[in-house]
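Novice: Pasting a structure here, questions to come.
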Amino acid sequence: MSISRIQPLAIIENRLIRLGLAGLFLFETVKAILLPPYSIKPLIKQIAFIGARSMLVIVVAGLFVGMVIALQFYDTLLRFGSISLLGSAVGLSLIRELGPVITALMVIGRAGSAMCAEIGIMRVDNQIDALECMAIDPYRYLFSPRILAGIICVPILTAIFILVGIFGGYFVGVILFGVSPGSFFQGMSDTILNRDILMCFSKSFVFGLLIVWIACDKGFNLHLDKRGAYGSEGVSRITTESVVLSSMAILFSDYLLSSLIL
Amino acid sequence: MNNPELENIIEIEGLNTWYGDRQILSDVSLNVVHKEIMVIMGHSGSGKSTLLRHMIGLNKPASGSIKLLDKEITNLERKELHKLRRRIGVAFQNGALFSSMSLQENVELPLHEHTKLDHNTIRIMSRLKLELMNLSESESLMPAELSGGMLKRAGLARAVVMDPEVLFFDEPSAGLDPVTSAELDDLILQLRDALNMTIVVVTHDLDSAFKIADRITVLDNGRQIITGSKDMIRNFPDPRIVNMLERKAMDELVDADDYINKLTR
Numbered sequence: 000m001s002i003s004r005i006q007p008l009a010i011i012e013n014r015l016i017r018l019g020l021a022g023l024f025l026f027e028t029v030k031a032i033l034l035p036p037y038s039i040k041p042l043i044k045q046i047a048f049i050g051a052r053s054m055l056v057i058v059v060a061g062l063f064v065g066m067v068i069a070l071q072f073y074d075t076l077l078r079f080g081s082i083s084l085l086g087s088a089v090g091l092s093l094i095r096e097l098g099p100v101i102t103a104l105m106v107i108g109r110a111g112s113a114m115c116a117e118i119g120i121m122r123v124d125n126q127i128d129a130l131e132c133m134a135i136d137p138y139r140y141l142f143s144p145r146i147l148a149g150i151i152c153v154p155i156l157t158a159i160f161i162l163v164g165i166f167g168g169y170f171v172g173v174i175l176f177g178v179s180p181g182s183f184f185q186g187m188s189d190t191i192l193n194r195d196i197l198m199c200f201s202k203s204f205v206f207g208l209l210i211v212w213i214a215c216d217k218g219f220n221l222h223l224d225k226r227g228a229y230g231s232e233g234v235s236r237i238t239t240e241s242v243v244l245s246s247m248a249i250l251f252s253d254y255l256l257s258s259l260i261l
Numbered sequence: 000m001n002n003p004e005l006e007n008i009i010e011i012e013g014l015n016t017w018y019g020d021r022q023i024l025s026d027v028s029l030n031v032v033h034k035e036i037m038v039i040m041g042h043s044g045s046g047k048s049t050l051l052r053h054m055i056g057l058n059k060p061a062s063g064s065i066k067l068l069d070k071e072i073t074n075l076e077r078k079e080l081h082k083l084r085r086r087i088g089v090a091f092q093n094g095a096l097f098s099s100m101s102l103q104e105n106v107e108l109p110l111h112e113h114t115k116l117d118h119n120t121i122r123i124m125s126r127l128k129l130e131l132m133n134l135s136e137s138e139s140l141m142p143a144e145l146s147g148g149m150l151k152r153a154g155l156a157r158a159v160v161m162d163p164e165v166l167f168f169d170e171p172s173a174g175l176d177p178v179t180s181a182e183l184d185d186l187i188l189q190l191r192d193a194l195n196m197t198i199v200v201v202t203h204d205l206d207s208a209f210k211i212a213d214r215i216t217v218l219d220n221g222r223q224i225i226t227g228s229k230d231m232i233r234n235f236p237d238p239r240i241v242n243m244l245e246r247k248a249m250d251e252l253v254d255a256d257d258y259i260n261k262l263t264r
């Protein structure tokens, strides 16, 4: 009787403790980023992993997303007789919402999951303990290059996604459906404000941070998980959890940031 | 200190530790002196690896004190702990090598991180240690390409590359054939004699323990049965030790009713 009453409290308490640990993880990593010594080589390696190797996925996704929203908007705007708005509709939806969000979701699938599994296996295999024993700070050695690479790469990938998306929209709208190229681009440059660009980059910056933070923290703190953690089962579970949690965090913070900036 | 030979490198006093509500170590006290090889023995689950993790500050005890190289490590700050850890080396059971780096890069890592030596000097120093472990031919291989014994030796090479004062070695002979495990024992003795290291080895292998140890600590279910020289262990009347030396399972008198209850619970 008393146990069933206490249990929800214990769960909440555990969640709060876990949240606190994730906060400490970020604090230690940011401290490691800001304080010397700085090393550039691991950062470049991570930029290659998160950024360069995600390029193809981002370009393909951007192209098709741009094409499909141009198609949808063309059909919708045709009903209202306002085809001249096609360029601004494609541009605005890509810049404000689809660009940052879909790029982030692609990066979660491509890099976030891999990163979480890699760190989780390092924890299971004692490699993180080995780092500690060699007096090498894992926050500085493992996590600061990853977090930095995340906040550098995700905004750049977002920009590439939007650029390719606009091209895809141009292809469908102008080349396939014959909208005049002048109205397509003129509409776009008239309606897109600096505030939209600011929203786009502040979102993708926050998303980059969230993706790497959640993936690395989940892997790093794998041993704290009491539900029969460790081993391959533990790694597979935290990888799934990290993908689900970071996708949720992206969509939630997307709404939050939109409502703050608008 | 007039006689450095007697200097305590590790001093553990009344160590207690718990995982949840299971007590893993109860009231363990021991010391390790300079240039000594201390072997911690016990069967699986006796708490010997947990004791090792406490000695290097990876786990914090519930109560008790642990002094490593004259510093109390139970309440040491991270920064101080890292400073202290530069003076120790730890070889993990499976080597714990970084899978994204070649063997040589693994061994060179502590030197790159902690010294300002130029690349060539670092290379020579790491080759020296790899040579000592008979691994110089394999330096460019990745950990995935190495056998179990090679992984252990590589982990050992990385642990000693900074010439630590104290070396901790977790299960050197687990999962190895008798010949490879004997080679590792010889290596451990060489390290002590040639490099003046104090060495703590955790093992369940009797032959290896009696070959390398100066003193042995036997743990059973988290309790320390005895710490003493090899002769003391051989002549100790406790049935748990006698059984261990004769490789017999503990005979427990089983009540038939209790046994049935246990199975049908």
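Listed in order, the protein sequences are those of chains B and F. Counting from 1, position 86 in the first sequence corresponds to residue 85 in numbering that gives the first Met the number 0; the numbering is continuous, with no gaps. Counting from 1, position 160 in the second sequence corresponds to residue 159 in numbering that gives the first Met the number 0; the numbering is continuous, with no gaps. Ideal Cβ placement from N, Cα and C applies to all residues, glycine included. As the structure is a computational prediction, the values presented were derived from the model and not from experiment.
With burial defined as no fewer than 16 other Cβ atoms inside 10 Å of the residue's Cβ, what is the status of VAL241/F: buried or exposed?
Specialist: Counting Cβ neighbours within 10 Å, VAL241/F comes out exposed, since fewer than 16 surround it.
Novice: Hey, could you find the ends of the beta strand (DSSP E) ASP26/F is sitting in?
Specialist: Element bounds for ASP26/F: 21–32.
Novice: Taking the alpha-carbon positions, what's the LEU18/B to PHE24/B distance?
Specialist: Roughly 10 Å separates the two Cα atoms.
Novice: If the cut is a Cβ gap below 7 Å, which residues of chain F does ASP265/B touch?
Specialist: Because chain B in this structure spans residues 0 to 261, residue 265/B falls outside the shown range and cannot be described.
Novice: So what's ARG222/F in DSSP terms, helix, strand or just coil?
Specialist: The answer is strand: DSSP assigns ARG222/F an E or B state.
Novice: So GLU170/F and THR202/F are supposed to be a Cβ contact under 8 Å. How far apart are they, rounded?
Specialist: Between THR202/F and GLU170/F the Cβ distance is about 6 Å, and since that is below 8 Å, they are a contact.
Novice: Count the CB pairs spanning the stretch 205–217 of chain B and the stretch 133–150 of chain B that are closer than 8 Å, and state whether there are at least three.
Specialist: Cβ pair count under 8 Å is three or more, so yes.
Novice: Check ALA173/F in the structure and name its three-state DSSP category.
Specialist: DSSP places ALA173/F in coil when its eight states are reduced to three.
Novice: Label LYS30/B either buried or exposed according to how many other C-beta atoms from any shown protein chain fall within 10 Å of its C-beta, with 16 as the threshold for buried.
Specialist: Per the 10 Å Cβ criterion, exposed.
Novice: Taking only beta-carbon atoms, is PHE168/F less than 9 Å away from chain B?
Specialist: Chain B, which has no Cβ nearer than 9 Å to the Cβ of PHE168/F, makes this no.
Novice: So with CB distances below 8 Å, who are the chain A contacts of GLU164/F?
Specialist: The structure shown contains no chain A; its protein chains are B and F.
Novice: How would you label ASN118/F, buried or exposed, when you count the other beta carbons within 10 angstroms and need 16 or more for buried?
Specialist: Note that residue 118/F is His in the sequence shown here, rather than Asn. Exposed: under 16 other Cβ atoms inside 10 Å.
Novice: Could you tell me whether any Cβ in chain F is nearer than 9 Å to the Cβ of GLN126/B?
Specialist: It does; some Cβ of chain F falls within 9 Å.
Novice: Are the stretch 64–72 of chain B and the stretch 252–259 of chain B touching by the rule of at least three beta carbon pairs closer than 8 Å?
Specialist: They do not touch, by the three-pair rule.
Novice: In terms of residue numbering, what span does the alpha helix (DSSP H) encompassing VAL160/F cover?
Specialist: No alpha helix (DSSP H) contains VAL160/F, which DSSP labels as neither H nor E.
Novice: Whole angstroms is fine: what's the gap from SER64/F's alpha carbon to LEU14/F's?
Specialist: C-alpha separation (whole angstroms): 6 Å.
Novice: Please give the ranges of any alpha helix (DSSP H) in the stretch 160–245 of chain B, keeping only runs that are unbroken, at least 4 residues long and fully inside the region.
Specialist: With a minimum length of 4 residues, the continuous alpha helix (DSSP H) runs that stay inside the stretch 160–245 of chain B are 180–190 and 193–219.
Novice: Report the rounded CA-to-CA distance for GLU138/F versus LEU145/F, giving the unit in angstroms.
Specialist: Answer to the nearest angstrom: the Cα atoms are 10 Å apart.
Novice: Helix, strand or coil: which one does DSSP assign to MET114/B?
Specialist: In the structure shown, MET114/B sits in a helix (DSSP, three-state: H, G or I).
Novice: Taking the alpha-carbon positions, what's the SER99/F to ASP124/B distance?
Specialist: Rounded to whole angstroms, SER99/F to ASP124/B spans 13 Å at the Cα level.
Novice: Looking at chain F, is there any beta carbon in it that lies within less than 9 Å of the beta carbon of MET121/B?
Specialist: MET121/B counts as touching chain F.
Novice: State the DSSP-derived secondary structure class of LEU166/F, mapped to helix, strand or coil.
Specialist: Of the three classes helix, strand and coil, the one that applies to LEU166/F here is strand, per DSSP.
Novice: With 9 Å as the threshold, decide whether the Cβ of ASN30/F is near any Cβ in chain B.
Specialist: ASN30/F does not count as touching chain B.
Novice: From LEU208/B, ILE107/B and LEU97/B, pick the residue whose C-alpha is nearest to that of VAL163/B; which is it?
Specialist: Minimum Cα distance to VAL163/B is reached at LEU97/B.
Novice: Based on the DSSP secondary-structure assignment, which residues constitute the bridge partners of ARG214/F?
Specialist: Bridge partners of ARG214/F: MET37/F and SER228/F.
Novice: Tell me the DSSP secondary structure of LEU68/F in three-state form.
Specialist: Here LEU68/F sits in coil by DSSP.
Novice: Measure the alpha-carbon distance for ASP69/F versus ALA148/B and round it to whole angstroms.
Specialist: So the two alpha carbons sit approximately 41 Å from each other.
Novice: Against chain B, does LYS47/F count as a neighbour if the rule is that its beta carbon must be under 9 Å from one of theirs?
Specialist: LYS47/F does not count as touching chain B.
Novice: Taking all protein chains shown into account, decide if GLY207/B is buried (16 or more other Cβ within 10 angstroms of its Cβ) or exposed.
Specialist: Its Cβ being crowded by 16 or more others within 10 Å, GLY207/B is buried.
Novice: Measuring only from the beta carbon, is LEU97/B closer than 8 Å to any heavy atom that is part of the ligand GDP?
Specialist: With respect to the ligand GDP, the structure shown offers nothing to examine, as it has no ligands at all.
Novice: Using a Cβ-Cβ cutoff of 9 Å, what residues of the stretch 131–142 of chain B are near chain F? List them in chain order.
Specialist: Listed in sequence order: GLU131, CYS132, MET133, ALA134, ILE135, ASP136 and TYR140.
Novice: Taking the alpha-carbon of ASN133/F as reference, which of THR120/F, PRO142/F, ASN105/F and ARG152/F has the nearest alpha-carbon?
Specialist: Of the listed residues, the one whose Cα sits closest to ASN133/F is ARG152/F.
Novice: Put SER38/B into one of helix, strand or coil per three-state DSSP.
Specialist: If DSSP states are grouped into helix, strand and coil, SER38/B belongs with coil.
Novice: Give every residue of the same chain whose Cβ lies closer than 8 Å to the Cβ of GLY284/F, excluding the five residues on either side of it in the sequence, and list them in chain order.
Specialist: With chain F covering 0 to 264 only, the question about residue 284/F has no answer from this structure.
Novice: Determine the burial state of GLN6/B: buried for a count of at least 16 other Cβ atoms within 10 Å of its Cβ, exposed for fewer.
Specialist: With fewer than 16 Cβ atoms within 10 Å of its Cβ, GLN6/B is classed as exposed.
Novice: Note down the Cα distance separating GLY154/F from GLY148/F, rounded to an integer number of angstroms.
Specialist: Approximately 10 Å, taken between the alpha carbons.
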